[in-house]
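In what follows, a single structure is set out as structure tokens and then discussed.
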Amino acid sequence: TKSLTILGLESSCDDTAAAILRQTGSDAPEILASVVYGQTELHAPYGGVVPEIAARAHAEKLDLSVEEALSSANVSLADIDAIAVTSGPGLIGGVLSAVMCAKGLSAGLNIPLVGVNHLAGHALTPRLTDQVSFPYLMLLVSGGHCQFLIAHDPEKFSRLGGTIDDAPGEAFDKTARLLGLPQPGGPSVQKEAENGNPKAHRFPRPLLDRPGCDMSFSGLKTALLRARDAIISDKGGLTVQDRSDLCASFQAAVVDVLAEKTRRALEIYMAENPPTPLLAVAGGVAANTAIRARLETVCADRGVTFTAPPLTLCTDNAAMIAFAGLERFKSGARDDMSLSARPRWPL
Ligand code: KG4
Ligand code: ZN
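Under full-length UniProt numbering, the letters of the sequence shown match residues 2 to 348, in that order.
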């Protein structure tokens with residue numbers, strides 16, 4: 002049987018990644034290699050991703066990532082049938098790095114090139130990991146994304162709503178910074194929250210009074226800042242318990258918002274009468290155990306299957322790009338040297 006080997010490249014935010022995927026016949030594709038170079042330490046002193054630093058680091062690490070992926074997959078460039086690359090959305094300097102690298106390989110080796118939307122990469126991951134069938138509901142929730150999508154086919158997604166300001170991961174990271182907890186903030190806030198009282202502070206649940214699936218998380222950090230400063234001016238500082246209570250109350254607000262908006266998104270999705278209803282979550286924030294537990298309940302109440310890809314495939318990686326590229330490639334999509342890097346590219 003015929004097999005297809007595809008190289009995927011990703012550099013749209015703060016991870017440089019290369020992966021090799023192989024599909025034999027109609028079997029589930031196999032991840033032969035998935036290499037990710039993160040840049041967390043490079044950006045840590047600045048409190049956020051610095052585009053210029055990110056772009057330079059991508060340019061430095063891309064070739065290395067490709068070489069490592071090839072050698073760990075025990076594949077040579079001559080075995081590659083197609084190259085898939087994230088061509089947006091993202092930080093333009095970063096996106097350009099992988100696009101130029103992919104074009105060079107494609108032109109030099111005369112291999113077909115396929116541009117991939119980064120969000121489609123995330124949104125199609127449940128098909129790579131769990132072979133789920135269309136249509137399914139997807140919640141992308143990370144440091145950079147927050148949106149509900151219905152996936153109809155590899156090229157067709159309907160966006161039901163998303164954040165109108167910060168992504169939840171950003172809010173977790175800012176909360177950690179305000180409380181002097183280590184980055185990335187998600188895991189440290191989750192850990193502190195375990196010992197805290199979620200009702201100690203009543204933080205806002207924005208946009209719940211409005212119809213639809215849009216969300217807002219920027220007001221939450223302002224509320225947290227005020228609560229923190231009130232305690233400090235009252236008692237001169239924060240105790241361990243104060244910190245835990247702030248974390249627990251913050252996390253409870255995020256969980257409530259995501260749960261309520263998921264209920265609404267499920268309502269819209271279920272109206273389509275999907276034969277095998279399923280909600281998949283992806284993105285770094287999907288690692289949060291409190292969020293997961295609540296979404297599982299919301300799904301169970303409605304007879305909807307809940308699934309989350311393993312964390313290494315939930316966060317930014319190139320296996321998802323190779324897979325989305327494979328789906329596009331098989332449906333006949335091809336790009337050429339005119340493929341451009343798109344900083345903005347809604348699904
Ligand atoms: O998908 P991801 O690795 O990268 C991008 O957003 O590009 O997500 C990273 C985000 C960070 O903001 C991090 O704090 C958050 O995911 N995160 C979490 C948890 N683990 C990671 N947020 C809440 N709870 C967690 N357990
Ligand atoms: Zn991403």
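Positions of the beta carbon are idealized from the N, C-alpha and C atoms, including for glycine.
This one's a predicted model, so the numbers in the text were calculated from it and none came from an experiment.
| request: With a threshold of 16 other CB atoms inside 10 Å of the CB of Thr-316, please say whether the residue is buried or exposed. | output: Your numbering for residue 316 matches position 315 in the sequence shown. Thr-316 should be labelled buried.
| field | Limits of the unbroken beta strand (DSSP E) element including Gly-116 | value | Within the sequence shown, residue 116 is the residue found at index 115, counting from 1. Taken as a continuous stretch (DSSP letters only), the beta strand (DSSP E) holding Gly-116 covers 114-118.
| field | Selected residue, minimal CA-CA separation from Lys-200, among Met-216, Gly-181, Ala-172 and Cys-248 | value | Reading the sequence shown from its first residue, position 199 is the one you call residue 200. Closest by alpha carbon: Cys-248.
| Check: Asp-210 C-beta below 7 Å from any heavy atom of ligand 1 | Position 209 of the sequence shown, counted from the first residue, corresponds to residue 210. Outside the cutoff, so no.
| said: If contacts are defined as beta-carbon pairs under 8 Å, then Ile-151 and Pro-136 qualify, I think. What distance do you get, rounded to the angstrom? | reply: Against the sequence shown, residue 151 aligns to sequence position 150. Against the sequence shown, residue 136 aligns to sequence position 135. Contact holds; Cβ gap of about 5 Å.
| Selected residue, minimal CA-CA separation from Glu-53, among Val-67, Val-36 and Ser-12 | On the sequence shown, residue 53 is found 52 positions in, with the first residue counted as 1. When each option's Cα is compared against that of Glu-53, the closest is Ser-12.
| query | Considering only residues of the region 173-230, which uninterrupted beta strand (DSSP E) runs meet the minimum length of 3 residues and lie entirely inside it, listed in chain order? | reply | none
| request: Measure the CB-CB distance between Ala-172 and Val-282 and report whether it falls below 8 Å. | output: Taking the sequence shown and counting its residues from 1, one reaches residue 172 at position 171. Taking the sequence shown and counting its residues from 1, one reaches residue 282 at position 281. Their beta carbons are not under 8 Å apart, which means Ala-172 does not touch Val-282 by this criterion.
| message | Given a cut-off of 8 Å on the beta-carbon distance, is the pair Asp-336 and Leu-114 in contact? | response | Here residue 336 refers to the residue found at position 335 when the sequence shown is read from its first residue. Here residue 114 refers to the residue found at position 113 when the sequence shown is read from its first residue. Against a cut-off of 8 Å, the Cβ pair of Leu-114 and Asp-336 comes out as a contact.
| Closest by C-alpha distance to Ala-124, when choosing among Ser-143, Val-305, Asn-198 and Asn-111 | What you label residue 124 is simply residue 123 of the sequence shown in a count that begins at 1. The shortest C-alpha separation from Ala-124 is found at Ser-143.
| message | Can you tell me which residues form a DSSP beta bridge with Ala-19? | response | Counting from one through the sequence shown, the residue named residue 19 turns up at place 18. Ala-19 is bridged to Leu-10 and Val-36.
| query | Quick one, are the C-beta atoms of Val-117 and Arg-329 less than 8 Å apart? | reply | On the sequence shown, position 116 is the one that residue 117 refers to. On the sequence shown, position 328 is the one that residue 329 refers to. Cβ distance < 8 Å, so Val-117 and Arg-329 count as in contact.
| field | For Thr-306, three-class secondary structure by DSSP | value | Against the sequence shown, residue 306 aligns to sequence position 305. Strand at Thr-306.
| said: Suppose only complete runs of 3+ residues qualify. What are the beta strand (DSSP E) ranges in the region 106-173, listed by chain order? | reply: 114-118, 137-142, 147-154 and 157-163
| message | Can you find the residues in the same chain that come closer than 6 Å, C-beta to C-beta, to Ser-73, ignoring five residues on each side of it along the sequence? | response | Reading the sequence shown from its first residue, position 72 is the one you call residue 73. Around Ser-73: Ala-34.
| query | Does the beta carbon of Asp-64 fall short of 7 Å from some heavy atom of ligand 1? | reply | The residue you call residue 64 lines up with position 63 of the sequence shown. No, the Cβ of Asp-64 stays beyond 7 Å of every heavy atom of ligand 1.
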